[in-house]
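The sequence shown begins at 21 in our numbering and counts up one residue at a time. Yeah, the Cβ is synthetic: ideal placement off N, Cα and C, and Gly gets one too. A short worksheet on the structure shown next.
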Amino acid sequence: MSVIAFIHQKGGTGKSTLAIACSMALAQAGHRVLLLDADYQGTASEWAIRFGQRFNVESRSQIQPVVHKEIGRFMDKFEYIVIDAPPSLSEMTESVLRACDTAVIPMRPSFPDVWALPWLAAIITKLRNEGHTLSAKVIFNQYQGEDLARLKEELEPWKIPVHPEQLPMDAAFSAVFEGKPLPGPLAEAVLSLLEKDSGD
Ligand SMILES: Nc1ncnc2c1ncn2[C@@H]1O[C@H](COP(=O)(O)OP(=O)(O)OP(=O)(O)O)[C@@H](O)[C@H]1O
Ligand SMILES: [Mg+2]
């Protein structure tokens with residue numbers, strides 16, 4: 021079983037969109053998927069109420085920072101657990117990072133999104149120092165041809181690899197909230213985030 025979290029304390033970077041798109045793509049590839057909503061905003065849960073059954077994506081909400089304690093309950097039933105994390109830096113951040121084996125950090129190609137990383141990176145480092153095996157990567161989302169070189173430079177000190185491809189700004193991503201799965205190439209691009217060698 022793999023546990024993937026979409027996580028960043030900056031708001032509006034695409035965590036929920038990518039968690040939902042990823043869950044749909046995995047389920048459509050025949051996998052048993054749990055979409056775990058760890059965000060008090062309830063985006064993933066609301067999506068699941070409307071569309072979960074249609075796509076064979078199960079969902080649970082857990083807004084207490086006990087995700088790492090509860091995750092074991094789902095181990096047998098699901099091949100993938102996809103966590104939609106809240107835009108905060110809190111006990112929940114640590115709980116989600118303890119629960120997952122891959123942390124995907126979506127960012128828009130903008131300095132504020134990049135500048136927020138050190139705090140999250142510090143928690144990742146702390147958990148690794150405690151012996152937790154955790155892969156982490158940044159994905160630039162909502163990409164519109166910006167120059168990424170300076171943004172990547174700013175990210176360098178935090179030693180979190182950047183996924184080699186960007187996800188474009190594309191209305192197909194917003195359409196997941198209307199229950200439309202991503203078209204093939206975009207779905208593949210999202211699934212490539214789960215490959216162990218694509219980054220860390
Ligand atoms: N690649 C994309 N192309 C176009 N629109 C996108 C893309 N990614 C996300 N969006 C849109 O950006 C908005 C914010 O996305 P989303 O809600 O997934 O962010 P979030 O990180 O979960 O936000 P929050 O921090 O509030 O939880 C949404 O309207 C979503 O449809
Ligand atoms: Mg969200």
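DSSP places Asp96 outside any alpha helix (DSSP H), giving it a letter other than H or E.
Residue side-chain check: Ala141 keeps its Cβ at 7 Å or more from all non-hydrogen atoms of ligand 1. For Ala191, the closest C-alpha among the options Arg80, Lys179, Tyr163 and Glu185 is that of Tyr163.
In terms of CA proximity to Ile24, Ala41 leads the group Ala41, Leu137 and Leu206. Taking the Cβ atoms as the reference, Leu137 lies roughly 15 Å from Leu147, outside the contact range of under 8 Å. Lys157: member of the beta strand (DSSP E) spanning Ser155 to Phe160, first to last residue. The three-state secondary structure of Ser130, taken from DSSP, is coil.
For Val87, the uninterrupted alpha helix (DSSP H) segment begins and ends at Val87 to Glu90.
Put simply, the segment 167 to 179 does not touch the segment 204 to 218. Fewer than three CB pairs are less than 8 Å apart.
At a cut-off of 7 Å, the beta-carbon of Lys35 counts as near ligand 1: some heavy atom of the ligand is closer than that. Note that the segment 126 to 145 touches the segment 24 to 35; at least 3 beta-carbon pairs, one per stretch, sit closer than 8 Å.
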